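Numbering (my numbering), first residue to last: 145 to 194. The beta-carbon is built from N, C-alpha and C at its ideal position, and this holds for glycine as well. Everything numeric in this text was worked out from a predicted model, so none of it was measured.
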């Protein structure tokens, strides 16, 4: 489900990066926008730092 294109984002993230203590880069340059009423789930294996 996506929000109408004319809706202002409730949250906008740009260029996010995450690394763990050992210096391992988990992801970089993550960008997204969430519109009001939009639902998002973050999934992954247990213990991987969600």
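| Asked | Found |
| --- | --- |
| Which one of 154, 164, 156 has the shortest CA to CA distance from residue 194? | 164 |
| Going by Cα to Cα distance, which pick from 178, 161, 179, 177 is closest to residue 171? | 161 |
| Could you check how far apart the C-beta atoms of residue 178 and residue 154 are, in whole angstroms? I think they sit under 8 Å. | 5 Å |
| Return helix, strand or coil for residue 164, following the three-state DSSP convention. | coil |
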